[in-house]
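The working numbering puts the first residue of the sequence shown at 611, with every later residue one more than the last.
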Amino acid sequence: EATHTFCLVPLKALAEEKFQDFNNKYAKWGLKVAISTRDRAEYDDDLLSYQVIIATYEKMNALVVRTPELIDHVGVVVVDELQNIGELSRGVTLEILLTTLVIAPRRPQIIGLSATISNPKEIAEWMDAVLVETDKRDVELREGIVYTGLGTMEFEGLSLDKGDFIYR
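Rendered as structure tokens:
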């Protein structure tokens, strides 16, 4: 039965953060949470005994390639930071993984999340998905630059020190 949920994130650090967060919030209610990244494989041999698996895009792709029947046990896949599909570095892996999931005979429900995707209608159409849009944000999206250099720097009439953020 397809009762497992995969929460996919682009980075190992985000996977660790989500893993800790989910365990802190939901373990007391009996939810069993696992993590699977390149550096965290201790749950991999027994993934299907967990209800929620936090993984990176690359690790989920590797798991599906190694064990294609895994998809038959997945009910929901939540893809965080879906805009990464357009990135040169990890976009191809994410696109291959999503294609595999979309065409699977027992296709899981796929929920893609993004605050910055530039072509949501096209992506939704490609995934044969319903596009849900909102302008509401729980956390303000701020665009700008962070000065990470050493010493003070002059920029557009401002004096910047390491860690200063200039809003767009």
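Glycine included, every Cβ here is placed at the ideal spot set by N, Cα and C.
Presumed contact (8 angstroms Cβ cut-off) between residue i and residue j, rounded CB distance
i, j, result
"Leu-605", "Ile-681", "No information on residue 605 is available, as it lies outside the stretch 611 to 778 that the chain covers here."
"Thr-667", "Leu-618", "What sits at residue 667 in the sequence shown is Tyr, not Thr. Yes, they are in contact, since the Cβ atoms of Tyr-667 and Leu-618 sit about 6 angstroms apart, within 8 angstroms."
"Ile-720", "Val-687", "5 angstroms"
"Ala-665", "Thr-677", "In fact, because the Cβ distance is near 13 angstroms, the residues do not count as touching under 8 angstroms."
"Val-689", "Gly-722", "5 angstroms"
"Lys-638", "Gln-661", "14 angstroms between Cβ atoms; not a contact."
"Phe-632", "Ile-663", "Wrong, their Cβ atoms sit about 10 angstroms apart, outside the cutoff."
Residue burial classification, residue i (beta-carbon count within 10 angstroms, cutoff 16)
i, result
"Gly-754", "exposed"
"Ile-645", "buried"
"Lys-628", "buried"
"Glu-691", "buried"
"Leu-741", "exposed"
"Val-673", "Note that residue 673 is Leu in the sequence shown here, rather than Val. So Leu-673 counts as buried."
"Leu-704", "buried"
"Gln-693", "buried"
Proximity of residue i and residue j at Cβ, strictly below 9 angstroms
i, j, result
"Ala-725", "Arg-747", "yes"
"Met-670", "Leu-707", "yes"
"Phe-775", "Val-749", "no"
"Thr-758", "Ser-769", "no"
"Val-696", "Ser-728", "Here the sequence assigns Gly to residue 696, which means Val is not the residue at that position. For Gly-696 and Ser-728, yes; Cβs fall inside 9 angstroms."
Where residue i falls: helix, strand or coil (DSSP)
i, result
"Ile-721", "strand"
"Gly-685", "strand"
"Glu-766", "coil"
"Ser-659", "helix"
"Thr-710", "helix"
Bridge partner(s) assigned by DSSP for residue i
i, result
"Tyr-636", "Partner(s): none; Tyr-636 has no beta bridge."
"Phe-775", "Val-756"
"Ser-646", "Ala-665"
"Val-619", "Thr-666"
Closer than 8 angstroms: residue i CB and nearest the ligand NAD heavy atom
i, result
"Ala-672", "Absence of the ligand NAD from the depicted structure is noted, as is the absence of any ligand whatsoever, leaving it without description."
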